[in-house]
DNA sequence: GAAGATAGTAATTGATTACAATCTTTTAGA
DNA sequence: TCTAAAAGATTGTAATCAATTACTATCTTC
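Here it is as structure tokens:
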């Protein structure tokens, strides 16, 4: 007889890889992603260091898997909430909220993204990060363009600048939480921050 | 006889420390600050690795000097331009431009800042980064408050959110340049980005 | 319940790290 | 010009890194 396997050992390869990625995301929430060692990752999973290399050919491949996870998670959540509304402005707000919620749940994710983009050599993981952010910008740009077509958003808006500002807001909140040493401050500041953003892109109906 | 010493060797201690800090800033522009080694720093200065420890008791002290340099440079430049105008809105724009200009000249600086804030242990360098950013936020907050008093800036503005947005803009531009792999894109996007910011904080004179 | 396959362990590799001890060269001042 | 102090070179060390090895435990399936 044995109870449901809540233990940690002898997971099938696919599950083990998934658990490994989660462990990395967790560790990245606590320290600089660039200084995460394979020994630390293994320790977090109650595994020996060498066992990691049975599931990943090398450390770079592990980081690649991590980036793929972040990409799938973030873009997945975003596309999900965007689909729930027809209003581009509401979609942007939901998108922002979904992003902040994701980052609050996984503070390591944006740090990994940032650290990966800083790599000088063109690794696979870096390429994934770059295309991910391009997709992200596209989502924002599309919504802004739609809003301009509907007369909700200022037709003279600089879409590129507004996209940078959108991503910048998230980064700004991350930075603020790093200073405060507390992730939850993000959640409280998200709403007024988006209100500010909305003000900067909205059409002025009562302009002279 | 000897010409003016343009060579690299045998600098007086103070100058050597200054050159070392500059070398670190340069290296941080090219790779993740967390993975910069003392050997790399020494190589950049045409010096042996061991010689570094003649001028800094340990690596942490070196990072501390680097943070102090960044703090002095950034806050110095900002305070200089702020003092040139009485208009808080113009001051904010000059402050933003000065920051972007500084970051464009020293792309390693914001990376160092970000990397340092991510350190789990409370090092001296991290503390410097935190207080630096607090001072920065204070500058923005003061200018916003002044503008509100003068009726230029929306009296209902959420100052905290507007400060986060301000820092976020810089971060957003840094991120954009990381995706593009080109620092100069920042300079082109700075102006329209601030225009967007100004729109979100300005008083609406023709509000119903 | 053996057999083959899969997952994990423990020990070790060579490279790289921050840092230190000792020796040599350069500089500045009387 | 001589000398003491400062700056740098050389060599070395203990710790830590990613990765590999030879081996063992566990699961699955017939």
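Protein chains in written order, with our numbering: chain A, 78 to 285; chain B, 78 to 285. A virtual CB, placed ideally from N, CA and C, is assigned to each residue, including glycine. Because the structure is a prediction, the values reported are computed rather than measured.
Name the DSSP beta bridge partners of residue i, please?
{"i": "residue 86/A", "result": "Answer by DSSP bridge pairing: none, since residue 86/A is not bridged."}
{"i": "residue 136/B", "result": "Beta-bridge pairing links residue 136/B to no other residue."}
{"i": "residue 279/A", "result": "230/A"}
Using a beta-carbon distance below 8 Å, is residue i in contact with chain A?
{"i": "residue 245/B", "result": "yes"}
{"i": "residue 144/B", "result": "no"}
{"i": "residue 235/B", "result": "yes"}
{"i": "residue 136/B", "result": "no"}
{"i": "residue 169/B", "result": "no"}
{"i": "residue 211/B", "result": "yes"}
{"i": "residue 242/B", "result": "yes"}
{"i": "residue 225/B", "result": "no"}
{"i": "residue 188/B", "result": "yes"}
{"i": "residue 152/B", "result": "no"}
{"i": "residue 126/B", "result": "no"}
{"i": "residue 103/B", "result": "no"}
{"i": "residue 182/B", "result": "no"}
{"i": "residue 256/B", "result": "yes"}
{"i": "residue 107/B", "result": "yes"}
Hey, does residue i have any beta-carbon neighbour from chain B nearer than 8 Å?
{"i": "residue 280/A", "result": "no"}
{"i": "residue 270/A", "result": "yes"}
{"i": "residue 79/A", "result": "Model confidence at residue 79/A stands at a pLDDT of 30, short of 50, so the residue's coordinates are unreliable; what they give is reported in the following sentence. No, residue 79/A lies away from the interface with chain B (no Cβ there is under 8 Å from its Cβ)."}
{"i": "residue 139/A", "result": "no"}
{"i": "residue 192/A", "result": "yes"}
{"i": "residue 83/A", "result": "Residue placement at residue 83/A is poorly supported in this model, since its pLDDT is 37, which falls under 50; the coordinates still yield a value, given next. It does not; no Cβ of chain B falls within 8 Å."}
{"i": "residue 239/A", "result": "yes"}
{"i": "residue 197/A", "result": "yes"}
{"i": "residue 122/A", "result": "no"}
{"i": "residue 100/A", "result": "no"}
{"i": "residue 111/A", "result": "yes"}
{"i": "residue 157/A", "result": "no"}
{"i": "residue 92/A", "result": "no"}
{"i": "residue 273/A", "result": "yes"}
{"i": "residue 276/A", "result": "yes"}
{"i": "residue 172/A", "result": "no"}
{"i": "residue 118/A", "result": "no"}
{"i": "residue 264/A", "result": "no"}
{"i": "residue 250/A", "result": "yes"}
{"i": "residue 221/A", "result": "no"}
{"i": "residue 88/A", "result": "no"}
Since residue i and residue j should fall inside the 8 Å C-beta cutoff, what is the C-beta to C-beta distance between them, to a whole number of angstroms?
{"i": "residue 104/B", "j": "residue 121/B", "result": "6 Å"}
{"i": "residue 189/A", "j": "residue 147/A", "result": "6 Å"}
{"i": "residue 235/B", "j": "residue 273/A", "result": "7 Å"}
{"i": "residue 109/B", "j": "residue 207/A", "result": "In fact, because the Cβ distance is near 16 Å, the residues do not count as touching under 8 Å."}
{"i": "residue 229/B", "j": "residue 280/B", "result": "6 Å"}
{"i": "residue 211/B", "j": "residue 155/B", "result": "Not really, about 14 Å apart at Cβ, beyond 8 Å."}
{"i": "residue 220/A", "j": "residue 278/A", "result": "Residue 220/A to residue 278/A, Cβ: 10 Å. No contact."}
{"i": "residue 102/A", "j": "residue 185/A", "result": "5 Å"}
{"i": "residue 247/B", "j": "residue 253/A", "result": "13 Å between Cβ atoms; not a contact."}
{"i": "residue 290/A", "j": "residue 152/A", "result": "Nothing in the structure corresponds to residue 290/A, since chain A is present only between 78 and 285."}
{"i": "residue 166/B", "j": "residue 224/B", "result": "6 Å"}
{"i": "residue 187/A", "j": "residue 251/A", "result": "5 Å"}
{"i": "residue 137/A", "j": "residue 201/A", "result": "7 Å"}
{"i": "residue 168/B", "j": "residue 177/B", "result": "Actually they are not in contact, since the Cβ atoms of residue 168/B and residue 177/B sit about 15 Å apart, beyond 8 Å."}
How would you write the range of the alpha helix (DSSP H) that residue i sits in, first residue to last?
{"i": "residue 115/A", "result": "115-121"}
Counting only runs of 4+ residues fully inside the segment 181-264 of chain B, write out the alpha helix (DSSP H) ranges in chain order. Correct list: 185-194, 201-226 and 236-257.
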